[in-house]
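**Q** Residue numbers (this note's numbering): 119 to 468. Glycine is no exception: its CB is placed at the ideal position from the N, C-alpha and C atoms. Below: one structure in structure tokens.
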Ligand code: SF4
């Protein structure tokens, strides 16, 4: 994973320029419910969210910014459409980043005011290009929200800020169509030095949305593109954070903890492998060190696979072998396997 050339600071979190990929999510409680927003933000933080975004549709909602900042240690991003005065009020209220598209906020003076206010406080701006809301002139030129059209829109909005010397910019180019989304980010990574916020927009409900996000976000990250990610699900945003963590873990991103490798089982399996894998996963949830743990069903492929991981179990007839760093540590009855594995992992901590 490499990411963007340029780096921006969102509160205490760095985005781009080689910083770890930051997981973010967006609150889904009505903006009128301050207590509900605070509660949801706390749950997101506990789940591993690093940056939280909140919609600010009106003046009253500006109060969410200080409330969220007081309740959690996450930087707060104010999501604003059209009204530059709301952006100014959010900056004043302590927002750590503003998501606004400068081309949609009216006059040049409005853009200048936002750029100056953000510049003075070191607040970055995310330009969020979305296939569903492309500018008419760009849509007319391309005939459809193509990848090229999304990139042109990002360039158009960025140029409006650059005109006022503002370059603390993060870009997103979201589409609900995976091919368009992937192509747009690939083009953007070539064209811009700005950090990229990855996401598949309107990805769907929890099950399909996770898959679409894993494909879209995952294939870009695997190519070294992307600096912060948001999985969008029609579900509790805590599930978005869990999905984002799983994407990063599957890619072996630094800081993602334990990656479990487990076999699908087959006619050779003589241990209750699903139960073993579940126990290992549960007991190592939140483990602070990055490592690979294999939970394999049999002696045919099991030991070989398990040796590839840092630690592993290879099942036998109601028993199994425990491995660490390519060495067999011992043979144990099935009901002692997980304890023996955990002892081996913990021994490395000492
Ligand atoms: Fe079957 Fe063994 Fe492969 Fe598991 S590791 S799927 S038990 S052959």
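Looking at the structure shown, is residue 148 part of a helix, part of a strand, or coil, going by DSSP?
**A** Reduced to three states, the DSSP call for residue 148 is coil.
**Q** Using the DSSP secondary-structure output, state which residues sit across from residue 213 in a beta bridge.
**A** DSSP output for residue 213 lists no bridge partner at all.
**Q** Bridge partners of residue 471, per DSSP?
**A** The structure shown does not extend to residue 471, since the chain is modelled only from 119 to 468, so the question has no answer here.
**Q** Taking C-beta to C-beta, are residue 235 and residue 206 nearer than 8 Å?
**A** Taking 8 Å as the Cβ cut-off, residue 235 and residue 206 qualify as a contacting pair.
**Q** Exposed or buried, what is residue 429 when buried is set at 16 or more other beta-carbons lying within 10 Å of its beta-carbon?
**A** It counts as buried.
**Q** Would you decide whether residue 443 is buried or exposed? Buried here means 16 or more other CB atoms lie within 10 Å of its CB.
**A** With fewer than 16 other Cβ atoms within 10 Å, it is exposed.
**Q** Any heavy atom of the ligand SF4 inside 7 Å of the beta-carbon of residue 419?
**A** Yes, the Cβ of residue 419 comes within 7 Å of a heavy atom of the ligand SF4.
**Q** Quick check: is any heavy atom of the ligand SF4 less than 7 Å from the C-beta of residue 383?
**A** Answer for residue 383: yes, Cβ within range of the ligand SF4.
**Q** Among 160, 460 and 281, which one has its Cα closest to the Cα of residue 230?
**A** Nearest of 160, 460 and 281 to residue 230, Cα basis: 281.
**Q** From the DSSP output, which residues share a beta bridge with residue 414?
**A** Residue 414 pairs with 432.
**Q** In angstroms with no decimal places, state the Cα-to-Cα distance between residue 334 and residue 299.
**A** So the alpha carbons of these two residues sit roughly 7 Å apart.
**Q** Which residue from 403, 427 and 419 puts its Cα closest to that of residue 410?
**A** Looking at the Cα atoms, 427 is the closest of the given residues.
**Q** Look up residue 219 in the DSSP assignment and say whether it is helix, strand or coil.
**A** Coil at residue 219, not helix or strand.
**Q** Is the distance from the Cβ of residue 249 to the Cβ of residue 319 below 8 Å?
**A** Going by C-beta atoms, residue 249 is nearer than 8 Å to residue 319.
**Q** Alpha carbon to alpha carbon, what distance is there between residue 388 and residue 447?
**A** Those two C-alpha atoms are separated by around 20 Å.
**Q** Distance, Cα to Cα, residue 219 vs residue 369?
**A** Going from the Cα of residue 219 to the Cα of residue 369 covers about 31 Å.
**Q** At a threshold of 7 Å, does residue 396 count as lining the ligand SF4 (C-beta to nearest heavy atom)?
**A** Not so, every heavy atom of the ligand SF4 lies at least 7 Å from the Cβ.
**Q** Out of 344, 348, 419 and 407, point me to the one whose CA is closest to residue 386's CA.
**A** If we check each option's Cα against that of residue 386, 419 comes out closest.
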